[in-house]
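Engineer:
Numbering (my numbering), first residue to last: 50 to 444.
1) Determine the closest residue to residue 303 out of 407, 348, 61, with distance taken between C-alpha atoms.
2) Consult DSSP for residue 111 and reduce its assignment to one of helix, strand or coil.
3) State the beta-bridge partners of residue 418 as determined by DSSP.
4) Note down, one range per segment and in chain order, each beta strand (DSSP E) of at least 3 residues found wholly within the segment 352 to 426.
5) What's the C-alpha gap between residue 427 and residue 77?
6) Checking 8 Å against the spacing of the C-beta atoms, do residue 200 and residue 400 come in under that value?
7) From residue 41 to residue 219, what does the alpha carbon distance come to, in whole angstroms?
8) I'd like the list of long-range same chain contacts for residue 322, defined as Cβ closer than 6 Å, with 5 residues on each side in sequence excluded.
9) Here's the rule I'm using: 16 or more other beta-carbon atoms within 10 Å means buried, otherwise exposed. How should residue 272 be labelled?
10) Given a cut-off of 8 Å on the beta-carbon distance, is the pair residue 381 and residue 357 in contact?
11) Can you tell me the Cα-Cα spacing of residue 123 and residue 110, whole angstroms?
12) Under a Cβ-count criterion, where at least 16 other Cβ atoms within 10 Å of its own Cβ denotes burial, should residue 98 be classed as buried or exposed?
13) Which class does residue 213 belong to by DSSP, given the choice of helix, strand or coil?
14) Per DSSP, which one or two residues make a beta bridge with residue 289?
15) According to DSSP, what are the bridge partners of residue 184?
16) Helix, strand or coil, according to DSSP, for residue 124 in the structure here?
17) Between residue 221 and residue 434, what straight-line distance do the alpha-carbon atoms span, to the nearest angstrom?
18) Buried or exposed: residue 420, going by 16 or more other Cβ atoms within 10 Å of its Cβ?
19) Between which residues of its own chain and residue 387 is the CB-CB distance below 8 Å, once the five residues before and five after are set aside?
20) Between 228, 185, 241, which lies nearest to residue 263 when the distance is taken from Cα to Cα?
21) Mapping DSSP to helix, strand and coil, what is residue 241?
22) From 87, 312, 113, pick the residue whose C-alpha is nearest to that of residue 393; which is it?
23) Please look up how many angstroms separate the CB atoms of residue 437 and residue 190, rounded, as I've assumed it's under 8 Å.
24) How far does the alpha helix (DSSP H) with residue 159 in it reach, from first residue to last?
25) To the nearest angstrom, report how far apart residue 91 and residue 62 are at their CA atoms.
26) Put residue 82 into one of helix, strand or coil per three-state DSSP.
27) Which of helix, strand or coil does DSSP assign to residue 260?
28) With 16 other CB atoms within 10 Å as the buried threshold, where does residue 158 fall?
29) For residue 103, count neighbouring Cβ atoms within 10 angstroms of its own Cβ and tell me buried if that reaches 16, exposed if not.
30) List the residues that DSSP assigns as beta-bridge partners of residue 322.
31) Measuring only the C-alpha atoms, how far is residue 443 from residue 211?
32) Could you name the residues that DSSP lists as bridge partners for residue 74?
33) Nearest-angstrom Cα distance between residue 55 and residue 86?
34) Out of 178, 174, 194, 231, which one is the CA nearest neighbour of residue 204?
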């Protein structure tokens, strides 16, 4: 996929996410980067006569949307078991697995994400295992090879608490973990082993010590080189995640946080980011009984940095902006919703230096809308990811 030519979008109403709204301005894109974000209606592009000039006519221009928690391409839609590559349920502890190895980059979900204005996603292993493996962040470039889409690998270590590990291993296979105590015990056991492994390698010298891929993944987390992202819905599981995070000094995020409002101040006190959702779905299991749109506002008001997830394909990824709109109807401010879709999500992924706002030097990830998708139900008319037009409603 070739890098697109330079692009100028002029006469736009620009939401930068790092400053006030520019009521009438322009942006200039070259080499996949934002070169200029200006309150001038016509940016300086005299030296680029071949630039594609797009007239916004006062429409809203925003950063590209970000879904920090998906199974896009690794849990394919419409193909059944053959495309189900996100849960290696043969054992409960698999830190050495890499989501990267299971992603089909031509999954139709990438095109649907671009149509919804989504430019960045994180793809995680599933939540069947206590420790599920390593995840990665992708630029949404429909039709591209995976290596072209890759932004960050590994971007975190997946762990899961609660019903899912109990179901897939205890109930289905009759092996540990059968209980929440068993889940926490397995996690602690693995991190202690990893700490010993790290010490032994340091003492022996890396060149002399044997490698253990499982331990290497856990060491990345112990050294805070990657975050640990914990699937946790119920309040007790969220508390366990925070407890274990403090015990081992982990860089922790909570994924889903369905009952997060019950302990919002605990999460805020410990600086734990929460990626909430998918709330536009059924209460399909016990952990989801307390699911509600009020969780977003409750966590935000307590000082927790929040973002939104569709958990695609649990909720199809194109409903990400709709989810933010429903959270606003339940009391979240529109400004907080937009931050959750963009800059907060980028910070959740540790990618805010590259994306999440419109600022010169950042990746050219941006969307032109026919109306505000959060407050007006607007639809994307043009999506640009990394300087490439990935969706154009006029074609």
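All C-beta atoms, glycine included, are put in the ideal place defined by N, C-alpha and C.
Structural biologist: According to the structure data:
1) By one-based count along the chain shown, residue 303 stands at place 254. Checking every option, the nearest Cα to that of residue 303 belongs to 348.
2) Position 62 of the chain shown, counted from the start, is the residue given in the question as residue 111. Here residue 111 sits in strand by DSSP.
3) Within the chain shown, the letter at position 369 stands for residue 418. Answer is 109, 429.
4) 355 to 357, 415 to 418
5) For the purposes of this step, residue 427 is taken as the residue at position 378 of the chain shown. For the purposes of this step, residue 77 is taken as the residue at position 28 of the chain shown. Approximately 24 Å, taken between the alpha carbons.
6) Numbered from its first residue, the chain shown carries residue 200 at position 151. Numbered from its first residue, the chain shown carries residue 400 at position 351. It is a contact, given that the beta carbons lie within the stated cut-off.
7) Lying before the first or after the last residue shown, residue 41 is absent from the chain, which here runs from 50 to 444.
8) Position 273 of the chain shown, counting from 1, holds the residue named residue 322. Excluding residues within five positions, the ones whose Cβ falls inside 6 Å are 302, 354, 397.
9) For this step, residue 272 is matched to residue 223 along the chain shown. Under this definition residue 272 is an exposed residue.
10) To locate residue 381, count along the chain shown from 1; it is residue 332. To locate residue 357, count along the chain shown from 1; it is residue 308. For residue 381 and residue 357, no; Cβs fall outside 8 Å.
11) Locating residue 123 in the chain shown gives position 74, counting from the first residue. Locating residue 110 in the chain shown gives position 61, counting from the first residue. Taking the straight line joining both Cα atoms gives about 31 Å.
12) Sequence index remark: in the chain shown, residue 98 carries index 49 (1-based). Result: exposed.
13) In the chain shown, the residue the question calls residue 213 occupies position 164. In the three-state reduction of the DSSP assignment, residue 213 falls in the helix class.
14) Here residue 289 refers to the residue found at position 240 of the chain shown. DSSP, once it has assigned bridges, lists no residue as partnering residue 289.
15) Walking along the chain shown from the start, residue 184 turns up at place 135. Paired residue(s): 205.
16) Here residue 124 is taken as the residue at index 75 of the chain shown, counted from 1. Three-state DSSP puts residue 124 in a strand.
17) To locate residue 221, count along the chain shown from 1; it is residue 172. To locate residue 434, count along the chain shown from 1; it is residue 385. Straight-line Cα distance between these residues: approximately 42 Å.
18) Counting from 1 along the chain shown, the entry for residue 420 is found at position 371. Counting Cβ neighbours within 10 Å, residue 420 comes out exposed, since fewer than 16 surround it.
19) Locating residue 387 in the chain shown gives position 338, where the first residue counts as 1. Here the set comprises 64, 66, 111, 373, 423.
20) Residue numbering aside, residue 263 sits at position 214 when the chain shown is read from its first letter. Checked all of 228, 185, 241; the closest Cα to residue 263 is 241.
21) Taking the chain shown and counting its residues from 1, the one referred to as residue 241 is at position 192. The answer is helix: DSSP assigns residue 241 an H, G or I state.
22) Sequence index remark: in the chain shown, residue 393 carries index 344 (1-based). Closest by alpha carbon: 113.
23) As a first step, residue 437 must be located in the chain shown, where it is residue number 388. As a first step, residue 190 must be located in the chain shown, where it is residue number 141. So it is a contact: roughly 6 Å between Cβ atoms.
24) For the purposes of this step, residue 159 is taken as the residue at position 110 of the chain shown. Counting along the chain, the unbroken alpha helix (DSSP H) around residue 159 starts and ends at 157 to 164.
25) By 1-based counting over the chain shown, the position of residue 91 is 42. By 1-based counting over the chain shown, the position of residue 62 is 13. Taking the straight line joining both Cα atoms gives about 13 Å.
26) Walking along the chain shown from the start, residue 82 turns up at place 33. Here residue 82 sits in strand by DSSP.
27) Mapped onto the chain shown, residue 260 falls at position 211. The DSSP-derived three-state label of residue 260 is coil.
28) Your numbering for residue 158 matches position 109 in the chain shown. Buried.
29) Indexing the chain shown from 1 puts residue 103 at position 54. Classification for residue 103: buried.
30) As a position in the chain shown, residue 322 is number 273, starting the count at 1. Residue 322 pairs with 302.
31) The sequence position of residue 443 within the chain shown is 394, counting from 1. The sequence position of residue 211 within the chain shown is 162, counting from 1. If I take the Cα positions, the gap works out to 46 Å.
32) Counting from one through the chain shown, the residue named residue 74 turns up at place 25. Paired residue(s): 61.
33) Mapped onto the chain shown, residue 55 falls at position 6. Mapped onto the chain shown, residue 86 falls at position 37. Whole-angstrom Cα-Cα distance: 14 Å.
34) Within the chain shown, residue 204 is the residue found at index 155, counting from 1. That would be 174, whose Cα lies nearest to the Cα of residue 204.
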